[in-house]
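Colleague: Just so you know, we're using this note's numbering here: the sequence shown kicks off at 13 and counts up by one. We put the beta carbon where it would ideally sit given N, CA and C, even for glycine. All figures in this text were calculated on a predicted structure; none of them were measured in a lab.
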Amino acid sequence: MLAWGALGLLLGAWVGALARLWMRLIVVHPEAFSWSGTLAIIISAAVGGLGLGLVRGARLTGRSKLWRLAALLALPFLGAPMGLGVFLLSALVGGWALAGRRPIWLAPTLATLWAAALPFIAYAVADPDHRNLYDGVHYLSFTAGVWTLAALLAVGGRELFMRWPTREP
Numbered sequence: 013m014l015a016w017g018a019l020g021l022l023l024g025a026w027v028g029a030l031a032r033l034w035m036r037l038i039v040v041h042p043e044a045f046s047w048s049g050t051l052a053i054i055i056s057a058a059v060g061g062l063g064l065g066l067v068r069g070a071r072l073t074g075r076s077k078l079w080r081l082a083a084l085l086a087l088p089f090l091g092a093p094m095g096l097g098v099f100l101l102s103a104l105v106g107g108w109a110l111a112g113r114r115p116i117w118l119a120p121t122l123a124t125l126w127a128a129a130l131p132f133i134a135y136a137v138a139d140p141d142h143r144n145l146y147d148g149v150h151y152l153s154f155t156a157g158v159w160t161l162a163a164l165l166a167v168g169g170r171e172l173f174m175r176w177p178t179r180e181p
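#1: Roughly how many angstroms lie between the CA atoms of Ala18 and Val59, to the nearest whole one?
#2: Skipping 5 residues on each side, what residues in its chain have a beta carbon closer than 6 Å to that of Ala57?
#3: Leaving out five residues before and five after Thr50 in sequence, what residues of the same chain have Cβ atoms less than 7 Å from its Cβ?
#4: If you draw a straight line from the C-alpha of Val167 to the C-alpha of Val39, how long is it?
#5: Looking at the unbroken alpha helix (DSSP H) that takes in Met35, where does it start and where does it end?
#6: In the DSSP assignment, the alpha helix (DSSP H) including His41 goes from what residue to what residue?
#7: Closer than 6 Å by C-beta to Leu172: which residues in its own chain qualify, once you throw out the five before and the five after it? Chain order, please.
#8: Ala109 and Ala123 look like a contact to me (Cβ under 8 Å); what is the Cβ gap, rounded to whole Å?
#9: Use the C-beta contact count for Phe99: other C-beta atoms within 10 angstroms, 16 or more gives buried, fewer gives exposed.
#10: Please state the DSSP three-state secondary structure of Gly112.
#11: Under 7 Å from any heavy atom of the ligand GDP, does the C-beta of Trp47 make it?
#12: Which residue wins for smallest C-alpha separation from Val105, given the options Glu43, Ser46, Ala162?
#13: Could you spell out the range, first to last residue, of the alpha helix (DSSP H) harbouring Thr6?
#14: Going by other Cβ atoms of all chains shown within 10 Å of its Cβ, with 16 needed for buried, is Trp47 buried or exposed?
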């Protein structure tokens, strides 16, 4: 189970680094970026990955369902105020859709609606002072990055909704 936690930690750090690189790509004035902010994003994503890795390890080894609470370690990254819940909703909606829970038709419908709305929501919460500086390439990279991060978060969030094996008495 600890191996799953370690793998989750590494994958979480990777997602955090990708998120920060994407933020650097789409920002108009990068002077506001700091090493402390970069480390905060990568570390919070790594801790969230640790939690989701522990959930996966507990599920695969047949441990108690209470281990799902370890996913709360992801809240500092997913519930970050600058994302206005976009990260958290991506993990929850996408994770539920990938887990294949019932009703089976609702999951792809919600995931499709969320994927369609995501670029508009992300644009709405973007920096309003610099929208006039954006061009078509900027919007394309913005949208591709949001979809990529949402997909990665959905894969992690899937662990919250996967069926736990039944325990033999």
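Modeller: Quick answer:
#1: Numbered from its first residue, the sequence shown carries residue 18 at position 6. Numbered from its first residue, the sequence shown carries residue 59 at position 47. Taking the straight line joining both Cα atoms gives about 10 Å.
#2: By one-based count along the sequence shown, residue 57 stands at place 45. Around Ala57: Gly24, Val27, Gly28, Phe89.
#3: For the purposes of this step, residue 50 is identified with residue 38 of the sequence shown, where counting begins at 1. The answer, listed in chain order, is Arg32.
#4: In the sequence shown, residue 167 corresponds to position 155, counting from 1. In the sequence shown, residue 39 corresponds to position 27, counting from 1. In a straight line, the C-alpha of Val167 is about 26 Å away from that of Val39.
#5: Position 23 of the sequence shown, counting from 1, holds the residue named residue 35. Unbroken alpha helix (DSSP H) run through Met35: 14-38.
#6: Here residue 41 corresponds to residue number 29 of the sequence shown, with the count starting at 1. It is not in any alpha helix (DSSP H) - His41 carries neither H nor E in the DSSP assignment.
#7: Counted from its first residue, the sequence shown places residue 172 at position 160. Correct list, in chain order: Ala83, Gly107.
#8: Locating residue 109 in the sequence shown gives position 97, where the first residue counts as 1. Locating residue 123 in the sequence shown gives position 111, where the first residue counts as 1. Sure, about 4 Å apart at Cβ, within 8 Å.
#9: Here residue 99 corresponds to residue number 87 of the sequence shown, with the count starting at 1. Burial call: buried.
#10: Numbered from its first residue, the sequence shown carries residue 112 at position 100. In this structure, Gly112 counts as coil in the three-state DSSP scheme.
#11: As for the ligand GDP, it is missing from this structure, which has no ligand bound.
#12: Position 93 of the sequence shown, counting from 1, holds the residue named residue 105. Closest by alpha carbon: Ala162.
#13: Outside the displayed range of the chain (13 to 181) lies residue 6, so it cannot be described from this structure.
#14: Taking the sequence shown and counting its residues from 1, the one referred to as residue 47 is at position 35. Trp47 comes out exposed.
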